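Residue numbers (the working numbering): 865 to 1140.
Taking it in order: structure first as structure tokens, then the write-up.
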């Protein structure tokens, strides 16, 4: 009667990938030799337990170093990709925040109307969460401080801006300017025209309040920019429906700009929409 030990000794066939391994001829020769051995001869072969452990050596240090190097490369590649993403994000934020630089210069020159603070608030507020999401902690902190200064002004300002509020706003803005690397030359006439356009929108029954917020959230440096930018791009940047973007652009094209001399004498007009 045959037993399990009488069964012929079988080897797994080498895969095609192993044909190119070093010493393949020698390995094949050993395989053939083992296949041709009798069961009694096979019984004399040492099993795994009989092989002295010191003869089986792995270079643990080399393996650890290889693993560590691979992990370092992966981390560095991920970090490099993340830093590149942050840099791209900052470049976008610079474009959005640049109009705020122009608005702040107008405030420093005496244009302290409440609606201008509302426009700035529309631009800055949505950015805070986005900046936090890309882990720019200092940038987010500076935006938060600036937002707090704006909130205090919007909660109390309906006339002349208190000196301490103006100082707090300008001081917090300078941190944003430094952190984000902002720069844009002042243009009081451009600011006055944007401000008057905003006031017109506030009293328009054709434009929804949420669409106005979205529009100014993208950063509006001037009405010239609005006129030159396709409605599809405005809708894409702001998240507005295309119909409203077309309407706003049409209204900007028809808007009669303030003359240069009138912009220089600009004073506060009736209050616009309330800001939450």
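All residues carry an ideal CB built from backbone N, CA and C; glycine is no exception.
None of the values given here were measured: they were computed from a predicted structure.
Thinking just about the alpha-carbon of each residue, which of the options is nearest to the one in residue i?
i            : options                  : result
residue 1061 : 1074, 969 and 979        : 979
residue 947  : 1108, 973, 1088 and 1000 : 1000
residue 1106 : 1096, 1073 and 1115      : 1096
residue 1059 : 1074, 1086 and 1007      : 1086
residue 1008 : 1020, 1026 and 987       : 987
residue 1025 : 959, 993, 1083 and 971   : 971
residue 994  : 1016, 949 and 1048       : 949
residue 1074 : 1013, 1103 and 1038      : 1103
residue 1015 : 1038, 1002, 983 and 1042 : 983
residue 1070 : 976, 977, 975 and 1115   : 1115
Go ahead and label residue i buried or exposed: buried means 16 or more other beta carbons lie within 10 angstroms of its beta carbon, across all protein chains shown.
i            : result
residue 1098 : buried
residue 1081 : buried
residue 1108 : buried
residue 1077 : buried
residue 1122 : buried
residue 963  : buried
residue 1054 : buried
residue 1083 : buried
residue 965  : buried
residue 942  : exposed
residue 1120 : exposed
residue 1036 : buried
residue 1010 : buried
residue 1117 : exposed
residue 956  : exposed
residue 977  : buried
residue 1004 : buried
residue 981  : buried
If you reduce the DSSP assignment to three classes, tell me which class residue i lands in.
i            : result
residue 1078 : helix
residue 1047 : coil
residue 1093 : coil
residue 1100 : helix
residue 966  : helix
residue 1073 : helix
residue 1121 : coil
residue 953  : helix
residue 890  : Below a pLDDT of 50, predicted positions are generally treated as unreliable, and residue 890, at 46, falls in that range; the measurement from the model is reported next regardless. Of the three classes helix, strand and coil, the one that applies to residue 890 here is helix, per DSSP.
residue 945  : helix
residue 1036 : helix
residue 1084 : coil
residue 976  : coil
residue 1105 : coil
residue 1067 : coil
residue 1042 : helix
Please indicate yes or no: does the CB of residue i lie closer than 8 angstroms to some heavy atom of the ligand ADP?
i           : result
residue 989 : Because no ligand of any kind appears in the structure shown, any question about the ligand ADP cannot be addressed here.
Go through the region 982 to 1025 residue by residue and report every complete run of the alpha helix (DSSP H) that reaches 4 residues or more, in order. Qualifying alpha helix (DSSP H) stretches, in chain order: 1001 to 1020.
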